[in-house]
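Before any comments, here is the structure.
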Amino acid sequence: MRTALAILILTPALWSQAPPPGRLVDLGGRSLHLNCTGQGEPAVIVTGAGYSFDWSLVQPEVAKFTRICTYDPAGFAWSDPGPGPECPDRAADLRKLLSAAEIKGPYVLAGLSYGALVARYYAAQHPDDVAAVVMVDHAFLDPGHEPAPPAPGAPVLISQTPIALTLEDISNFGNLPRAVRELHRWADSLGPPMPSVDTARACAALVEGKTLGAKPLVVVSTRNDSPNYAPLQAKLLALSTNHRQIIAEKSFHAVEIDEPDVVVRAIRLAVESLR
């Protein structure tokens, strides 16, 4: 993928001077970075938990069979600061972004972790704009485990364990191209407004009882051994009468990095169910 990500390696201090791989879309006084590749409908909109380039192993493959758009939320990477990471703010920003960029729906929303919660909230608020949903290891708020509070200002990953939200802690971080790893270090250094456990719980409360009806739903689950994880997956599958589940056998949490082929397969299933 010959983009700004792959042409050269820069130090973190210089990444802010490098052009983004996509484009900056004006929302009226501030801009968000949007990266769309591929052609075809329905468009896949990634509501990731973090950066657009986290999906650099998935996006080129999905672009072979439909249009896919990743973006950086407010305060992430090239996107200007704005509202916080709360679900209503993320969803409102996303809707403004898609409208300003003239990306036509209805969409397939693909969300990882907290991003899956954002996808559910968006689908509940704008049902006519959403044709299908792919949930990749949906944020897991284990009622049987209360993690110790993080140090002041330290973000927490909504995941299987309470660890700092940095992909360098993930065993397969090295699977990413070197340029993307450098981008990650630069973007992390900016201190983006990461969602906290409390933020995720608040969003989960907002979507409680909201279903997808008969819209296609693909749930990607991992081999989490928590006794409360399987019931969550069953609850997610029950959100739609038209659902599929795929198990990512070799993934921890960042399935889009650990097993990108699994995520591509899940998205393909959702897209093909609409054609």
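Read the sequence shown against the numbering used here and you will find it ends at 275, with the numbers running on by one and no gaps.
All C-beta atoms, glycine included, are put in the ideal place defined by N, C-alpha and C.
Check                                                                                                                       : Outcome
Beta-carbon contacts of Gly82 that lie in its chain and below 7 Å, excluding the five residues immediately before and after : Arg30, Ala74, Gly75, Asp93
Three CB pairs or more closer than 8 Å across the stretch 216-232 and the stretch 250-258                                   : yes
Local conformation of Asn175 per DSSP, three classes                                                                        : helix
Buried versus exposed call for Ile247 [16 or more other C-beta atoms within 10 Å across all chains shown]                   : exposed
Burial state of Ser189, where buried means 16 or more other Cβ atoms lie within 10 Å                                        : exposed
First and last residue of the uninterrupted alpha helix (DSSP H) at Ile267                                                  : 260-272
Alpha helix (DSSP H) segment containing Ser99, residue limits                                                               : 87-100
Spatially closest choice to Gly84 from Pro193, Tyr229, Gly213, by CA coordinates                                            : Pro193
Best match in Cys87, Pro88, Tyr71, Glu86 for proximity to Asp80 [C-alpha to C-alpha]                                        : Tyr71
Strand pairing of Leu32, partner residues [DSSP]                                                                            : Val25
Cβ-based burial, Pro19 [other Cβ within 10 Å; buried from 16]                                                               : exposed
For Leu239, the three-state DSSP class (helix, strand or coil)                                                              : coil
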